[in-house]
Amino acid sequence: MRWNYLFHFYFKRMRKSKLYMGVSILFFILLFSRLIFFLTPQYYGDWPSEVAMIVQMVSLFYIVYFYRTFSSELLYGIQSFFVDGHRIMLEKISAMFAAHFIYQGIMVVFTYGMFTVLYFIVGIEPSSIYLSLFRFLLIYMLAPLMLNVLYGVIIAIFFGTRKISFFAILLLWIATGSMITELFTDYFSTVHADDWQSLFFIGTNYAMTVYQSYTGFDIHWGNELKLVTWFLVFSGIVLVLSLRWSLRKPERNLVIKVVVAMSLLSVVSAYGVGKVSTKAFNNADLQTEFDYYMDIKKTETDMRYEIESYSISLKKKQATVEISFSDMNTLEPTFQLYHAYPVHVIQAGNEPVKFERSGDIIKVYLPKSTSSLTFYYELVDTHFVPYTNGRTVLQADMAWYPKKRATPMYEINEDTGWTKLSERFLSNESYPFTVQAEDVLFCNLPKQGDIYSGESQAVSLIKGQGKQLTFGDYSITYPADWPKMKEKVGTVLSQLETTVQEVQLLAPTTIQALPTTIVFSRFSPDPLMTKDHLVYNTSYREAVDDYEVTKDFQQELLKLFVQRKGPYRLHLEWINLASQLIREKNEWIVDFKMRSIDFFDYPKAEQEQIELVYHLYYQLDAEQQQQFLQTWYKEMDETWGWDQVLDLIEEWS
169 MRWNYLFHFY FKRMRKSKLY MGVSILFFIL LFSRLIFFLT PQYYGDWPSE
219 VAMIVQMVSL FYIVYFYRTF SSELLYGIQS FFVDGHRIML EKISAMFAAH
269 FIYQGIMVVF TYGMFTVLYF IVGIEPSSIY LSLFRFLLIY MLAPLMLNVL
319 YGVIIAIFFG TRKISFFAIL LLWIATGSMI TELFTDYFST VHADDWQSLF
369 FIGTNYAMTV YQSYTGFDIH WGNELKLVTW FLVFSGIVLV LSLRWSLRKP
419 ERNLVIKVVV AMSLLSVVSA YGVGKVSTKA FNNADLQTEF DYYMDIKKTE
469 TDMRYEIESY SISLKKKQAT VEISFSDMNT LEPTFQLYHA YPVHVIQAGN
519 EPVKFERSGD IIKVYLPKST SSLTFYYELV DTHFVPYTNG RTVLQADMAW
569 YPKKRATPMY EINEDTGWTK LSERFLSNES YPFTVQAEDV LFCNLPKQGD
619 IYSGESQAVS LIKGQGKQLT FGDYSITYPA DWPKMKEKVG TVLSQLETTV
669 QEVQLLAPTT IQALPTTIVF SRFSPDPLMT KDHLVYNTSY REAVDDYEVT
719 KDFQQELLKL FVQRKGPYRL HLEWINLASQ LIREKNEWIV DFKMRSIDFF
769 DYPKAEQEQI ELVYHLYYQL DAEQQQQFLQ TWYKEMDETW GWDQVLDLIE
819 EWS
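Residue numbers for the sequence shown follow this note's numbering, beginning at 169 and rising by one.
Next comes the structure, spelled out in structure tokens:
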């Protein structure tokens, strides 16, 4: 009865408070203005990132409101005049918390409705992205705003009405705010997802990037456990501080027992944070993977065997891969498998065999020759190959199943200093595959019942948040935050088809035609071309049919279709000139005839040579330019330099 009265009292008080209601209205004013004036129009998946930023802003005012409300009540000291004063105070806190929860719940629903309406207006189709969006708002909006009640109460009990309390509010606001990762970037960029220090922030890993193609929003069970941990910690602090008003021993003993129980639960939940947090958005995990491949050593391999077929079974994260061999001429065969995936056992027939790992290479010790090997291992979450909320992107050029390869999955590109997939161009050899998996969005193998089966160079499999459509002979897979793809895909495919035809006029290609199965993405995963499917990464926030994206089609397809030949810098400028020729020939917009992206990093003497090449090249007509580029690629080898290119173009001039 008394609690109900207190609840209604605080509910009405918040409604009549200019500060509380003003802050709530300010939240929507800021959100609406950001959505209208400041956001990249086409990057819809990252729109909700604005919420975390605005929550940080308004939290300060909410903390001040609850501090002022509770410190004023403590000032009168009414709880000291009653035997059950301690209980009255706890009822006040819980009633105030419940009233705040109702208002914030309404705000979350209204915010969710705003995003939902906007998504429908721009044309984002119904999918799990809408449910994920609601979970995102619960984690990064509702939960942080609910903690503000506890912050205000703790400071009120600690400092009362003293002026130092506002300094304490400011410190607590900064330390617990959802934008702390941006304020202390240098520190938090070194904290891994499974480090205990990750408990020190409850916001997003990046302020403006909260969505990845097919992986979805930056949400995972680690978020929820982290919030549970801090709710338990701050609630425990409130209970401990409230003991000063407890006059009865049984009451004090009960509070102490509750605090001990909450402390134990907070330790358990804190321990679980590192176990279930995703590494997909974590910068420290990215750097760790990069450093791993920087230091990886070359391993001796033995590939004197021939693979006949694969049978792959995925049950959630548990993978079982049976490899059948047509020929086995060694007792120590080696295979390529991503080093992060723990192998539980390898069997030859029904008998376990010994094996050892060196990075991405596994060496198996066979007691005798065998016709098959079965690998039992686990797919785990890493930054390079995320696996979160049951979603993962397993590309054909990744070592997500054992392969006949002699190199690590990634290697360092000596020209750029960054990592690259070692298997950029797949071998022409194909195998029969059988793949059994649940909740698959995309697989490049034909589906037969519940099984994907067919012959291919390699297998790509996506279990993620996305959509699919059929356009003529093409099967298109695209991220869930891409709107109106049916209207855009025609223009995109037309330009891709024409580009492939033009590329074949300039140089020999690894693939003879544009694959009819295409996966589009933004920023990740890496681009990939095989005989039966294309994975195209736009690397832009704009829509797939926007000029900023389509202007790169030619360069990207040249990289995917044409094997690198000659020195890196020469090949890069050849691609740049070839892409310009294709665009001009088809009357596609060419804003600027730029040099390659690395041009300005070259020595001045080399820049002058390149400028002379471009100058002479632009004096040729279109047919001469095409013939020159054909000859350049055909004759170029690793011994070539810019002198040879100049000699060649001077012949044409």
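Ideal Cβ positions, reconstructed from N, Cα and C, are used throughout, including at glycine.
Expressed to the nearest angstrom, what Euclidean distance is found between the alpha-carbon atoms of V290 and K652? Here the question's residue 290 lines up with position 122 in the sequence shown. Here the question's residue 652 lines up with position 484 in the sequence shown. Their Cα atoms are separated by approximately 8 Å.
By alpha-carbon positions, which one of T279, S262 and E741 ends up nearest to L203? Position 35 of the sequence shown, counting from 1, holds the residue named residue 203. The candidate whose alpha carbon is nearest that of L203 is T279.
List the endpoints of the continuous beta strand (DSSP E) containing N705. In the sequence shown, counting from the first residue as 1, residue 705 sits at position 537. Per DSSP, the continuous beta strand (DSSP E) segment holding N705 begins and ends at L702 to N705.
Every unbroken alpha helix (DSSP H) within the segment 475-523, with a cutoff of 4 residues, ordered by chain: If one requires a minimum length of 4 residues, no alpha helix (DSSP H) run lies completely within the segment 475-523.
Cβ contact (3+ pairs, closer than 8 Å) linking the segment 535-553 and the segment 430-439: The answer is no - the segment 430-439 does not touch the segment 535-553, with fewer than three Cβ pairs under 8 Å.
Assign R420 to one of two classes, buried (16 or more other C-beta atoms within 10 Å of its C-beta) or exposed (fewer than that). On the sequence shown, position 252 is the one that residue 420 refers to. Counting Cβ neighbours within 10 Å, R420 comes out exposed, since fewer than 16 surround it.
How far does the beta strand (DSSP E) with E591 in it reach, from first residue to last? Here residue 591 refers to the residue found at position 423 when the sequence shown is read from its first residue. E591: not part of any beta strand (DSSP E); DSSP gives it neither H nor E.
Is the Cβ of D549 closer than 7 Å to any Cβ of chain B? Included in the structure is just one protein chain, with no chain B present.
Pairwise C-alpha distance: F327 and D354: Stepping through the sequence shown from its first residue, residue 354 is reached at position 186. Stepping through the sequence shown from its first residue, residue 327 is reached at position 159. D354 and F327 have their C-alpha atoms spaced approximately 32 Å apart.
Identify whether M804 lies in helix, strand or coil by the three-state DSSP scheme. Here residue 804 corresponds to residue number 636 of the sequence shown, with the count starting at 1. Look at M804 here: in three-state DSSP terms it is coil, with no helix or strand label.
Drop a sphere of 10 angstroms on the beta-carbon of V277, count the other beta-carbons inside from all chains shown, and report buried for 16 or more, exposed for fewer. The count along the sequence shown starts at 1 and reaches residue 277 at position 109. Counting Cβ neighbours within 10 Å, V277 comes out exposed, since fewer than 16 surround it.
Range of the contiguous alpha helix (DSSP H) that encloses I424: By one-based count along the sequence shown, residue 424 stands at place 256. In the DSSP assignment, I424 falls within the alpha helix (DSSP H) that extends over K417 to V444.
List the whole-angstrom C-beta distance separating Y642 from L661, where the pair is believed to meet the contact cut-off of C-beta under 8 Å. Within the sequence shown, numbered from 1, the residue matching residue 642 stands at position 474. Within the sequence shown, numbered from 1, the residue matching residue 661 stands at position 493. About 6 Å separates the beta carbons of Y642 and L661, which is inside the 8 Å limit, making them a contact pair.
Could you check whether L534 and A516 sit closer than 7 Å to each other, using their CB atoms as the reference points? By one-based count along the sequence shown, residue 516 stands at place 348. By one-based count along the sequence shown, residue 534 stands at place 366. In this structure, L534 lies closer than 7 Å to A516 by Cβ.
Run the CB neighbour count on Y173, radius 10 Å, all protein chains shown included, and call it buried at 16 or more, exposed below. Locating residue 173 in the sequence shown gives position 5, counting from the first residue. Exposed is the call here.
Sufficient close CB pairs (3 or more, under 8 Å) joining the segment 315-326 to the segment 219-231: Yes: the two stretches touch, three or more of their Cβ pairs being nearer than 8 Å.
Whose C-beta lies closer than 7 Å to the C-beta of Y427 among residues of the same chain, with five residues either side of it excluded? Counting from one through the sequence shown, the residue named residue 427 turns up at place 259. The sequence given here has Val at residue 427, not Tyr. Excluding sequence neighbours, V427 sits near G404, L407 and V408.
Measuring straight from C-alpha to C-alpha, what distance separates F238 and K425? Against the sequence shown, residue 238 aligns to sequence position 70. Against the sequence shown, residue 425 aligns to sequence position 257. One C-alpha to the other measures close to 25 Å.
Just the Cα atoms here: how many angstroms apart are R751 and L594? As a first step, residue 751 must be located in the sequence shown, where it is residue number 583. As a first step, residue 594 must be located in the sequence shown, where it is residue number 426. Per the coordinates, the alpha-carbon of R751 lies some 28 Å from the alpha-carbon of L594.
Can you confirm whether the segment 360-369 touches the segment 437-448 when touching is taken to mean that 3 or more C-beta pairs between the two stretches lie within less than 8 Å? Yes, they touch.
Reduced DSSP secondary structure (H/G/I, E/B, other) of Y533: Counting from 1 along the sequence shown, the entry for residue 533 is found at position 365. In this structure, Y533 counts as strand in the three-state DSSP scheme.
When the Cβ atoms of the segment 568-576 are set against those of the segment 684-699, are three or more pairs found closer than 8 Å? The segment 568-576, when compared against the segment 684-699, does not touch it at the 8 Å Cβ threshold.
Given a cut-off of 7 Å on the beta-carbon distance, is the pair L547 and A626 in contact? Counted from its first residue, the sequence shown places residue 547 at position 379. Counted from its first residue, the sequence shown places residue 626 at position 458. No, these two residues do not count as a Cβ contact at 7 Å.
What's the call for G634, buried or exposed, on a 16-neighbour Cβ count within 10 Å? The count along the sequence shown starts at 1 and reaches residue 634 at position 466. Counting Cβ neighbours within 10 Å, G634 comes out buried, since at least 16 surround it.
Secondary structure at S262, three-state DSSP: helix, strand or coil? Looking up residue 262 in the sequence shown gives position 94. Secondary structure at S262: helix, using DSSP grouped into helix, strand and coil.
For M182 and Y271, which I take to be in contact (beta-carbon distance under 8 Å), what is that distance rounded to the nearest angstrom? Taking the sequence shown and counting its residues from 1, the one referred to as residue 182 is at position 14. Taking the sequence shown and counting its residues from 1, the one referred to as residue 271 is at position 103. Confirmed, Cβ separation roughly 6 Å.
To the nearest whole angstrom, what separates the beta carbons of M376 and S217, a pair I think is in contact under 8 Å? The residue given as residue 376 occupies position 208 in the sequence shown. The residue given as residue 217 occupies position 49 in the sequence shown. With 8 Å as the limit, M376 and S217 qualify as a contact, their Cβ atoms being about 5 Å apart.
With distance defined between alpha-carbon atoms, name the residue in L339, F283, E755 and L395 nearest to L310. Locating residue 310 in the sequence shown gives position 142, counting from the first residue. Among L339, F283, E755 and L395, the Cα nearest to that of L310 is on L395.
Which runs of the alpha helix (DSSP H) spanning at least 4 residues fall entirely within the segment 334-365, listed in chain order? Along the segment 334-365, the alpha helix (DSSP H) occurs as fully enclosed runs of 4 or more residues at 348-351 and 353-356, listed in sequence order.
With a CB to CB cut of under 8 Å and the five nearest residues on each side skipped, what residues in its chain are close to W808? Numbered from 1 along the sequence shown, position 640 holds the residue referred to as residue 808. For W808, same chain residues with a beta-carbon under 8 Å away, outside a window of 5 residues either side, are G734, P735 and L738 in chain order.
Return the CA-CA distance between T560 and I630, expressed in angstroms with no decimal places. Locating residue 560 in the sequence shown gives position 392, where the first residue counts as 1. Locating residue 630 in the sequence shown gives position 462, where the first residue counts as 1. Near 6 Å, if we compare the C-alpha coordinates of I630 and T560.
Would you mind sorting F543 into buried or exposed? The rule is 16 or more other CB atoms within 10 Å of its CB. Taking the sequence shown and counting its residues from 1, the one referred to as residue 543 is at position 375. Buried, because 16 or more other Cβ atoms sit within 10 Å of the Cβ of F543.
When DSSP labels each residue in this structure, what does I827 get in the three-state scheme? Because the chain spans 169 through 821 in this model, residue 827 falls outside it and cannot be assessed.
Which same chain residues, not among the five before or five after F503, have their C-beta less than 6 Å away from its C-beta? Here residue 503 refers to the residue found at position 335 of the sequence shown. The residues are I530 and P570.
For V285, does the count of other Cβ atoms within 10 angstroms reach 16, so buried, or fall short, so exposed? The sequence position of residue 285 within the sequence shown is 117, counting from 1. Flag for V285 reads exposed.
L613 versus V223: straight-line alpha-carbon distance, rounded: Counting from 1 along the sequence shown, the entry for residue 613 is found at position 445. Counting from 1 along the sequence shown, the entry for residue 223 is found at position 55. Each residue's alpha carbon lies about 45 Å from the other.
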